[in-house]
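Beneath this line is the structure, given in structure tokens, with notes to follow.
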Amino acid sequence: MTLGDLKRRLNDIREENLELSKNIEELNPQANVDVTSVPSDSQITQQFAQTTVKACDWHIKTKLEQLQMGNETIEMRMKEEVSRRKQSYYDYLTKDEVALKPYHEVEAATEDLKQLKINVQEECKTIKEQSSHLYRNLREQYREFIENIKVLEILTNELRLEESNGHSYLTDKVFTANVNFEDDGNVDESAIQHLQNEIKDLETELAHYSEDK
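So the mapping is simple: this note's numbering equals the position in the sequence shown, first residue as 1, plus 168.
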């Protein structure tokens, strides 16, 4: 695996993480839901959150395995290349005509081999550093995904509770109005109309609040 291959793989991982982030942002459900459906929606939210966490975990695990395989391949090729160059150098030195070669040519060949070894080691070091950096980024993204899901669950539960409290408040108002009607048979029609307008205003305010959430 070359350095260019690793860079292309890093770009692919970034694109996949962006796609996963978009899917998590789309997790927020429509707020205007009837109170009777709250338990079912809550279960669906939890299941989706669990599925997302598993997907993140699988994503990181797969990429780390690929990086590990890439590092092993790089190290193996580096060892093979160094071994091949050493063997070539040894064969060159053991030839009969090597004694006829000028000393500066033998010295130059030795320096070339040393420099090649240094270059391969530096390239391997750079790739390992990039792999470590990618690993840290993936772990940090995983942690952020978990935190976002927890926040989303809290907001969803708060929204459900606020809607439930709002409907309970309206129910109490209607019940109180019915009791007052039974206690007082001569209720003024204007008072009834005022109460109906108040209930409509509360329902409208609750609907707007749900849409804002």
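Glycine included, every Cβ here is placed at the ideal spot set by N, Cα and C.
| query | result |
| --- | --- |
| Between the segment 301-309 and the segment 227-239, can you find at least three pairs of beta-carbon atoms closer than 8 Å? | yes |
| ALA277 and TYR257: beta carbons closer than 8 Å? | yes |
| Within 10 angstroms of its Cβ, does ARG328 collect 16 or more other Cβ (buried), or is it exposed? | buried |
| Do VAL288 and VAL250 have their beta-carbon atoms positioned less than 8 Å apart in this structure? | yes |
| Looking only at its own chain, which residues have a Cβ that is under 8 Å from the Cβ of GLY353, when we skip the five neighbours before and after it? | Note that GLY353 scores 48 on pLDDT, short of 50, meaning its location in the model is unreliable and no value can be drawn from it. |
| Rounding to the nearest angstrom, what Cα-Cα distance links PHE313 and ASP225 in this structure? | 10 Å |
| Would you check if the distance between the CB atom of ARG253 and the CB atom of LEU281 is smaller than 8 Å? | yes |
| If you compare alpha carbons, which of LYS285, LEU363, GLU273, GLN309 is closest to GLU243? | LYS285 |
| For GLN309 and ALA223, I'd like the C-alpha separation in whole angstroms. | 13 Å |
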